[in-house]
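Okay, structure first, notes after.
In the UniProt record's numbering, the protein residues as written are 1 to 147.
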């Protein structure tokens, strides 16, 4: 009988200790970030994305036809285990100013960003383009060039 009480007391202490440790131990939280940047004609820019990061790059065309090229540098793509990165292109007719009303974005393209360069003609010479690049599961290096 005394052994049963002792075992019950030990189990109760283990339960209380595990609850206290569980309540006061911070959980690992995957922090994802959204970064915003601007690119101009003739620029090539690169960014490092952590898992879960979203990169939003704005491009304001100057009235001439333009092309965007995006990729992951090939060696980085292979060494990082071919991370899956998604890119989307949106266009809006009006330039976005701070304090402006909500502007509707027209979706133009959605696809993967891999180790090979992908080129897209941007059909509109005015307005503003928005490139959204997401790395959902692995770190990746991404470059964007507009010419």
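C-beta: ideal position from N, C-alpha, C; glycine also.
{"Item": "In whole angstroms, what is the alpha-carbon distance linking residue 123 and residue 60?", "Value": "13 Å"}
{"Item": "Would you mind stating whether residue 141 and residue 76 have Cβ atoms separated by less than 9 Å?", "Value": "yes"}
{"Item": "Can you find the residues in the same chain that come closer than 8 Å, C-beta to C-beta, to residue 53, ignoring five residues on each side of it along the sequence?", "Value": "32, 33, 34, 35, 134, 135"}
{"Item": "Whose C-alpha, out of 108, 131, 116, is nearest the C-alpha of residue 57?", "Value": "131"}
{"Item": "In angstroms with no decimal places, state the Cα-to-Cα distance between residue 73 and residue 46.", "Value": "9 Å"}
{"Item": "If we count the other Cβ atoms within 10 Å of its Cβ and call it buried at 16 or more, is residue 71 buried or exposed?", "Value": "buried"}
{"Item": "Kindly indicate which residue of 51, 143, 83, 106 has the alpha-carbon position closest to the one of residue 89.", "Value": "106"}
{"Item": "Which residue from 111, 79, 4, 68 puts its Cα closest to that of residue 86?", "Value": "111"}
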